[in-house]
Amino acid sequence: MPEGKFCNKKPVETEEDLKALLGDTGGKKYYEEMKSLDVDTALLWKTIGNTLKSRTKTWLEICAHCGMCADSCFLYLINDRDPKQVPAYKIQSTLGEIVKRKGKVDNDFMHMVMETAWAKCTCCNRCGMYCPHGIDMGVMFGYLRGLCYQQGFVPWELKIGAGMHRVYRAQMDVTGEEFVETFKWMVEEYEEDYPGLEVSVDKEDADILYTVNAREVKHYPEDLAEAAILFHLAGENWTVPSSGWEQTSLAMFAGDWAACKMQVEGVYSAMERLKPKRMVGTECGHAHRATVIEGPYWAGRSNGKPPVESIHYVEWLAEALRKGKLKIDPAKRIKKKVTLQDSCNYIRNHGLKDITREIISYIVEPGYFVELSPNREHNYCCGGGGGFNGIGIFRPQRNKALITKRDQLINSGAELVIAPCHNCWDAIRDLEEEYKIGIKWSFLKPLVISMVEIPEHMKPKE
Amino acid sequence: MFKKILFATSTTEASDHAARVAFNMAQSYDANICIFHVIGVPTRGFSQIVMDVKTKEKVEIDDEYIAWVKEEIMVYYSKQLEKAKSYDIKVAVGFPHREILREARNNSPDLIVMGGSTGDDEDSVYKKSMVGSTLQRVAKAAPCPLLVVNRPAASFWGGISKVVFGTDFSKASDAAFKFAVKLAKDLGCELNLFHALDISSLHMGRLLTQDEIESQIRESLRCIRGRYLDELKGIKDYSFDVWEGLPYIEIVKYAREKHADLIVMAHHTQKSSNEDARLGSNIEQVIVRAGCPVISINK
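Read top to bottom, the protein sequences are chains W and E.
Sequence positions in the first sequence follow my numbering and run 3 to 464.
Sequence positions in the second sequence follow my numbering and run 134 to 432.
Next up, the structure:
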């Protein structure tokens with residue numbers, strides 16, 4: 003059977019198809035069908051011919067097999083230094099082999115490739131820093147995922163996730179109306195505590211256009227309220243778009259390049275429509291990577307930048323604290339041992355390591371902050387990056403991967419870890435559930451709200 | 134006055150006393166009762182897996198599972214449902230407080246009924262990602278009155294005949310007062326207005342003389358009459374009292390003394406409590422301790 007009902011080479015384009023695929027609980031039939039899915043070797047080779055450019059070609063060829071990347075990979079370390087977990091081996095035995103065989107690979111091979119691409123690499127890009135040639139296996143795995151997606155060899159949840167973006171332009175089934183309604187609901191819920199709190203939708207020429215993660219809307223809308231409260235207290239002129247509000251991209255994790263482009267173009271068109279001075283995204287790592295770092299290239303923007311200056315939440319927050327738009331009550335600063343999780347996607351990949359530490363200097367009582375080891379651009383992935391967190395069939399591998407972060411946290415002695423990234427936040431939540439080390443975890447927003455000074459005129463009367 | 138009751142339940146023993154009250158009320162007042170249960174808390178990043186709040190198992194939610202959970206709820210409340218005239222069973226996936234508030238926002242019930250704390254330890258699914266209890270969060274933001282039955286003693290309830298309204302003279306208390314008056318008029322019951330003079334913390338450890346206390350009680354009595362008397366027309370039985378002490382203890386004692394079958398109070402703590410605060414405010418303490426149901430009003 004070449005193409006299955008659920009598992010096939012076609013992307014999910016309609017709500018109906020999405021529901022049908024979701025109805026295949028756990029992807030049972032999906033993975034069953036995958037066992038007999040044909041590989042379109044001609045298409046695979048043609049795609050490689052069109053998309054495998056000089057950088058990747060060079061990387062595949064110049065790898066000296068020196069093994070320097072081995073120790074850089076937390077999955078290699080945590081899996082008893084299994085040689086099959088050496089980054090160079092992982093990419094050479096998959097992408098390298100497909101290229102060598104001119105695309106002539108079979109179903110079994112593609113199964114192996116899928117597992118390697120999603121369960122043996124989180125695209126954290128740490129290996130690229132240690133390779134003497136600067137070969138970045140994470141980047142290549144991102145590319146390889148695209149080939150897998152095209153052939154239909156993609157984990158069930160990510161086929162759904164990419165489909166969500168195609169159908170809803172969001173990673174979950176949240177419509178633009180639901181987004182606006184939820185934001186308004188949250189503002190109503192908190193306006194008594196913060197008189198004058200409001201959210202403007204589709205306001206043109208605002209200073210800030212705020213974009214979010216659909217999960218905030220769906221499951222923890224308090225996050226939207228917290229964002230509104232901090233913008234309000236900082237006196238910002240801000241708005242949210244009624245469409246193009248979703249900053250994340252499961253399509254990127256899935257390797258669905260076309261959906262990546264569609265998703266990010268929606269956000270860019272909101273920028274062009276509303277002409278804000280800047281875009282600020284929520285506390286999410288991969289969303290920043292998708293919309294700010296990689297997105298411009300997906301959308302074919304020649305300057306490699308989004309239509310307006312786009313910054314991560316930590317950049318806005320650091321600036322607001324630095325300029326005194328938000329003032330911290332020194333008595334309320336964190337006075338317990340606290341550490342910081344560096345999100346690969348905007349620390350290693352976008353250089354924001356000092357910004358997050360600047361925030362720490364404002365909100366933590368001196369003497370209470372401890373670094374993880376290693377940290378900053380050398381930090382390890384949370385263990386759940388690149389889509390790893392959500393993939394059911396690779397759960398055992400993911401849980402093992404969490405051990406790296408678990409031990410880093412235990413060794414730091416911290417009681418609380420600040421994780422300004424949805425993926426890291428989830429992974430740490432899961433590792434606490436799995437291993438019960440007694441760690442607490444938080445985004446920045448609720449912490450800052452608990453210690454920010456509220457100007458007299460903004461306090462509720464009575 | 135109670136035509137739509139939203140009964141938010143964990144479908145466990147913790148909600149049994151609240152169930153008795155909720156079904157009783159629905160029957161007494163010909164109300165529709167919506168039995169609302171949050172199946173599970175989302176987990177695992179963007180995956181479809183949720184943690185079932187009852188079994189604590191990781192499950193994948195699909196139509197079949199939802200149908201099974203609804204069936205379980207039907208069985209759990211089969212006795213009560215036999216007599217119920219109009220009811221719905223709804224289930225949702227998400228964080229319980231948020232889903233209860235979402236349901237309340239979408240369907241505008243006249244009253245939300247909840248049990249007290251599930252009494253779960255650290256291992257509770259409810260406490261996995263969010264600090265503070267479901268009850269606190271719903272009480273803070275509910276768009277309608279919230280009736281809480283925390284203790285078994287509070288649930289033996291054959292209709293409302295005696296209501297205690299506790300006030301601290303705040304604006305929020307005025308809103309709660311309006312509701313208490315409407316309730317007393319509509320249901321024809323006795324309304325006992327009460328204020329507790331807080332002598333525990335106000336004076337920074339200085340002992341008040343008995344003369345000072347009594348003078349303040351007289352002052353508070355003038356205040357409680359002045360503020361509310363005009364609005365009580367049409368209510369046959371009412372009384373005003375001011376006692377001194379620890380407010381929540383005095384209210385609970387007063388309600389017991391009056392054989393009250395309902396306490397009405399305002400909920401107006403400024404912020405949802407942080408992780409270190411236990412049930413902090415007076416109303417939360419009253420909810421925990423009262424021998425009758427407590428209605429909390431926040432706006």
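Beta carbons: idealized from backbone N, C-alpha and C, even for Gly.
Note that the structure is predicted; figures quoted are calculated from it, not measured.
Taking a contact to require three or more Cβ pairs closer than 8 Å, the stretch 190-198 of chain E and the stretch 19-31 of chain W qualify as touching. The stretch 420-429 of chain W makes no contact with the stretch 158-167 of chain W: fewer than 3 CB pairs, one atom from each, lie closer than 8 Å.
In the pairwise beta carbon analysis, the stretch 175-193 of chain W is classified as not touching the stretch 62-80 of chain W: fewer than three pairs are separated by under 8 Å. When Cβ-Cβ separations below 8 Å define contact, E:G227 makes contact with chain W. Along the stretch 180-193 of chain E, the positions whose C-beta sits under 7 Å from a C-beta of chain W are S180, Q181, I182 and E193, read in chain order.
For E:F327, the closest of E:K391, E:M134, E:N240 and E:I182 by C-alpha to C-alpha distance is E:K391. Interface criterion met: the Cβ of E:D195 is under 8 Å from a Cβ in chain W.
Using a 10 angstroms sphere on the CB of W:G69, the tally of other CB atoms stays under 16, which defines it as exposed.
For the 8 Å CB-CB criterion, W:V266 and W:I313 do not form a contact.
Within chain E, the C-beta atoms nearer than 8 Å to that of W:L24 come from Q181 and D195, in chain order. In the DSSP assignment, E:K295 falls within the unbroken beta strand (DSSP E) covering K295 to G299. Annotation: the continuous alpha helix (DSSP H) that includes W:F233 extends over E224 to L235.
Restricted to the stretch 49-116 of chain W, the alpha helix (DSSP H) segments that are unbroken, complete and at least 4 residues in length are 56-64, 76-80, 89-93 and 99-102, listed in chain order. With respect to the C-alpha of W:A301, the residue from W:K205, W:Q249 and W:G268 having the closest C-alpha is W:G268. Proximity of chain E to W:W300 at the Cβ level (cut-off 9 Å) is not reached, the minimal Cβ distance being about 20 Å. W:T406 carries a helical assignment under DSSP once its states are collapsed to helix, strand and coil.
By the neighbour-count criterion, in which 16 or more other beta carbons inside 10 Å mark a residue as buried, W:M116 falls on the buried side. In the DSSP assignment, the residues bridged to E:P175 are E:V183.
A residue is called buried once 16 or more other Cβ atoms fall within 10 Å of its Cβ, and W:G326, having fewer, is exposed. At the C-beta level, W:C346 and W:G387 come within 8 Å of one another.
Of all residues in the stretch 108-127 of chain W, none has a C-beta nearer than 9 Å to a C-beta of chain E. Minimum Cα-Cα distance from W:M166 among the listed residues W:L342, W:L20, W:L328 and W:K7 corresponds to W:L20.
Here the alpha carbons of W:G415 and W:Y364 stand approximately 21 Å from one another. Taking 4 residues as the shortest admissible run, the stretch 182-261 of chain W contains the following complete alpha helix (DSSP H) segments, listed from N- to C-terminal end: 216-220, 224-235 and 252-256.
Using a CB distance cut-off of 8 Å, E:R231 counts as an interface residue toward chain W. Between W:Q410 and W:S452, the gap from beta carbon to beta carbon reaches 8 Å or more.
Contact of E:R238 with chain W by beta-carbon distance below 7 Å involves W187. Put simply, of E:I206, E:P175, E:V202 and E:E204 the residue whose alpha carbon is nearest the alpha carbon of E:K191 is E:P175. Taking a C-beta distance under 8 Å as the contact criterion, E:Y361 and E:F310 qualify as a contact pair. With a 10 Å radius around the Cβ and a threshold of 16 neighbouring Cβ atoms, W:L276 comes out buried. For E:D307, the uninterrupted alpha helix (DSSP H) segment begins and ends at K304 to L320.
At least one CB atom of chain W sits nearer than 8 Å to the CB of E:P175.
The shortest C-alpha to C-alpha distance from W:H67 to any of W:M112, W:F390, W:S95 and W:W443 is the one to W:S95.
Between W:G130 and W:F8, the alpha-carbon positions lie close to 36 Å from each other. Interface criterion not met: the Cβ of W:T60 is under 8 Å from no Cβ in chain E.
Within the stretch 177-250 of chain E, the complete beta strand (DSSP E) segments of 3 residues or longer fall at 182-185, 191-193, 220-226 and 244-248, listed in chain order.
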